[in-house]
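Undergrad: What follows is a single structure, and I will ask about it in a moment.
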Amino acid sequence: MKKKFYSWEEALALREVESLRKLKHHNIVKLKEVIRENDQLFFIFEFMTSNLHEYTTKNKNNLSEFDIHLMAYECL
């Protein structure tokens with residue numbers, strides 16, 4: 324987060340923080356912790372072995388139309 328947060332209450336009031344803390348779904352990366360240090364905010368998420376960008380760049384020639392459709396559906 325690029326914005327400076329001068330109080331803990333201000334950081335926790337963010338819509339992004341509230342949403343990520345409440346969302347529990349197998350397709351959504353779980354937010355483990357929110358840390359405010361030196362007026363900066365850090366999100367700690369569960370560990371993922373890869374991400375969508377890495378997967379698509381490594382397999383860009385091997386992705387079928389169905390794979391692309393499925394990924395777009397899961398993202399939306």
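Per our numbering, the sequence shown starts with residue 324, numbered consecutively.
Idealized CB from N, CA, C, for every residue including glycine.
#1: Take E369 and list the residues in its own chain whose beta-carbon comes closer than 7 Å to its own, dropping the five residues that flank it on each side.
#2: What is the rounded straight-line gap between the Cα of N382 and the Cα of I391?
#3: Is it the case that the Cβ atoms of F328 and D362 are separated by a distance below 8 Å?
#4: Mark A334 as exposed unless 16 or more other C-beta atoms lie within 10 angstroms of its C-beta, in which case mark it buried.
#5: What are the complete alpha helix (DSSP H) segments, minimum 4 residues, inside the region 360-393?
TA: With the structure as the only source:
#1: Counting only Cβ-Cβ distances below 7 Å, and skipping sequence neighbours, we find V352, K353, K355.
#2: When rounded, the separation of the alpha-carbon atoms in N382 and I391 is 11 Å.
#3: Yes. Within cutoff.
#4: buried
#5: 375-381
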